[in-house]
Amino acid sequence: MEEKNTKAKKKPSKKNEFEFCKVCRFHHDHGPRHKYFPRHKELLSAFLNRFRSKIADVRFFLKNPSFLRPQEESQNRVWCVFCDEDIVELGSSFACSKAINHFASSEHHKNIKQFLWKHGPSMDCVDDFKISDADVAKWVRKCTALGNKDASSCTGQLSRTSSDIHNKFEFERTEKVQTHFINPNNLNDVKPLLYNTNEYQISHSGVTHYGSHLNVDASQLAPGVIGMTSNSSSHSGDSSGNVHSGAPPPWLTPNDGNIFNQSEITRVQEKIPVKTTSKLNPHRVGAAWAERRKIEMEMEKRGEAVNSNTDADWLPNFGRVWQSGTRKDSRKEFEKEKRKLVVTAESISMESEEQKLVKTESISVESEEPVQIQPYVSKRAVCFTFITLNCDDWFHVVHYLF
Amino acid sequence: KKSSSRFHSVWGLYILKRQIRNHREKMESVLLPTLTKKEEIDRIINNTIDKVLVLRFGRISDENCLLLDDILEKSARDVSKFATVALVDVDSDQVQVYVNYFDITLFPSTVFFFNAHHMKLDSGTADHTKWVGKFHEKQDFIDVVEVIFRGAMKGKLIVHCPLPPERIPKYQLLYKDV
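Rendered as structure tokens:
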């Protein structure tokens, strides 16, 4: 009975489908037992610790709300591990405001629970990743207090932002600003890069750029910016208007100023040569000869002096039928034969060409040793006859002795 | 045997007539160049770069040669991207140098070159340096040329013939008329 029980307990392990464990970052077919494995537990604790530190940063801002300057927006992004989404502080006036709101939301709570149910053996650390509503309320109150305090400095900020020449749209919308706090841009679409980004990147090495901002032309930067030459400012002088005068940028003017019209595109495309990348195998037969010949032909085309390619005695690389050895050897042998033929042909009187050919052939045959045709006898046959002969003699001798 | 030879001669004549008719009707047929001088052969060998050069040595009076020529002419266009075909008239005097150099004793013989290097073809016969006789059909010729091209591009000087042995003409190779 006990044996049966143990046997029944020892079920063959179920073949689970392969799943991807986000924490361990690999595929496994252990199924739901995976989360109890010690390795997974270790990785999970490390994983959660990392996220805890991020939340700690956000909590800092929860206690000390501060303004979020547009330049620092990109630095303020958080990836929420449980919800699998990126929280970008677009258009928020206070640091981490969106993150705080997100962490307080009920959806986030649900996701935390789901995550821990799937990956974590225990569900006790849920509160670490939540921000309670009370805290959020406190934070909001602090924010408004801050806001009121800085009402007076609002204009200062305005002027500050208006001198932010990188921010074109803000510049245009200064009149439209209603709130104290400026939303630089709410554009989510990304415009294509129209100018060379090199100068842009150099100038913005220290300052973060706006994700959805257009590229800034070098001419619009102040001359004092690092890495820029004063050349650029001279170029912009000719244009009808520039940033300082508040003119719209050239790529926004309809059609005429628009660089990306069809003709340009086709021109650019034409310029890119359609190279048939058919590089011939350098190890192919006669590659070196082919390259040399191509160069020679090009020279001929250009009309340069052509060196005599082939004289009357040129012969191609050929391996003859009855020669063994390299092809050079066969060519040499042929030339030797030819010389012999010439010599013998001169000695004979002039006859019809066919006869001459026949004769030269026959003479060439005769000049060499006559080929002796013998019947083929194998080695074994020779040995056998020898042995049989020997044996007979031996028998005779033996017979004689005894 | 007699009947077969008669049939072949009749067939050869038929081919000739058809060719003439075709030329008269000016159908699109690429005339293969016929070479009669050593300089011409040298020139064509030197000017064919990165393509297989097929040189047929034969005489027009021969039936086998006519059949072979027919196949060559028809498939010349198909292989034109990687091969050039030329005919050499063996009865011309200046060409005899090559006839001797290439050890051509049986006609028609086809010799293959790539980048002025001679390409050998192992078809199970005694002579690997050339193709002796005619091809059974166009596709056989195209296959052989393709195999040669592929081998040459890989750097092989000798390639194995893709044809089954029944399609390869058999012949006896004699050493100095022995």
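From first to last, the protein sequence lines stand for chains C and P. Take the position in the first sequence, starting the count at 1, then add 159; the result is the number in the working numbering. Take the position in the second sequence, starting the count at 1, then add 1342; the result is the number in the working numbering. C-beta: ideal position from N, C-alpha, C; glycine also.
Once DSSP output is grouped into helix, strand and coil, what is the label at residue i?
i, result
"GLU455(C)", "helix"
"LYS1380(P)", "helix"
"GLY1400(P)", "strand"
"LYS518(C)", "With a pLDDT of only 48 at LYS518(C), under 50, the local geometry of the prediction cannot be trusted, and the value read off the model is given with reservation. If DSSP states are grouped into helix, strand and coil, LYS518(C) belongs with the helices."
"THR412(C)", "coil"
"ILE1490(P)", "helix"
"LEU203(C)", "helix"
"PHE179(C)", "strand"
"ASN401(C)", "coil"
"HIS1350(P)", "helix"
"PHE493(C)", "helix"
"PHE477(C)", "coil"
"ASP1482(P)", "helix"
"GLY386(C)", "Any answer about GLY386(C) is weak, because its pLDDT of 46 lies below 50 and its placement is not dependable; what the coordinates show is given next. Three-state DSSP puts GLY386(C) in coil, outside helix and strand."
Spell out the partners DSSP gives residue i in its beta bridges.
i, result
"LYS193(C)", "The sequence given here has His at residue 193(C), not Lys. Note: HIS193(C) sits in no beta bridge, so no partner."
"ILE1510(P)", "Note: ILE1510(P) sits in no beta bridge, so no partner."
"SER1451(P)", "PHE1399(P) and VAL1474(P)"
"THR1426(P)", "LEU1395(P)"
"ASP1464(P)", "HIS1502(P)"
"PHE1444(P)", "Answer is none; PHE1444(P) lacks a bridge partner."
"ASN1389(P)", "BP columns for ASN1389(P) are empty, so no partner."
"ASN1406(P)", "Paired residue(s): none; ASN1406(P) is not in a bridge."
"HIS186(C)", "PHE179(C)"
"ASP1431(P)", "GLY1400(P)"
"HIS442(C)", "None; HIS442(C) has no bridge partner."
Answer with buried or exposed for residue i, where buried requires no fewer than 16 other C-beta atoms within 10 angstroms of its C-beta.
i, result
"PHE1349(P)", "exposed"
"ASP1412(P)", "buried"
"TRP1473(P)", "buried"
"GLY1400(P)", "buried"
"PHE177(C)", "exposed"
"VAL502(C)", "exposed"
"HIS442(C)", "exposed"
"ALA263(C)", "buried"
"ILE507(C)", "exposed"
"THR485(C)", "exposed"
"ASP439(C)", "According to the sequence shown, residue 439(C) is Leu rather than Asp. The residue is exposed, with fewer than 16 neighbouring Cβ atoms inside 10 Å."
"SER1345(P)", "exposed"
"ASP470(C)", "exposed"
"PHE179(C)", "exposed"
"ILE1362(P)", "exposed"
For residue i and chain D, any beta-carbon pair shorter than 7 Å?
i, result
"TRP473(C)", "In the structure shown, chain D cannot be found, because the protein chains are C and P."
Any 3 or more C-beta pairs closer than 8 Å across the segment 1420-1435 of chain P and the segment 1462-1469 of chain P: no
Contiguous beta strand (DSSP E) assignments of at least 3 residues, all confined to the segment 210-294 of chain C: 237-239 and 244-246
Three or more C-beta pairs below 8 Å linking the segment 218-237 of chain C and the segment 179-199 of chain C: Between the segment 218-237 of chain C and the segment 179-199 of chain C, the count of Cβ pairs shorter than 8 Å is below three; the stretches do not touch.
Inter-stretch contact at 8 Å, needing at least 3 Cβ pairs: the segment 1352-1360 of chain P / the segment 1448-1458 of chain P: no
The segment 251-260 of chain C contacting the segment 287-302 of chain C, beta-carbon criterion three pairs below 8 Å: Yes, the segment 251-260 of chain C is in contact with the segment 287-302 of chain C.
The segment 1394-1409 of chain P in contact with the segment 1427-1439 of chain P per 3-pair CB rule at 8 Å: yes
The segment 453-462 of chain C / the segment 1435-1453 of chain P touching (three or more Cβ pairs under 8 Å): Contact fails: fewer than three Cβ-Cβ distances are below 8 Å.
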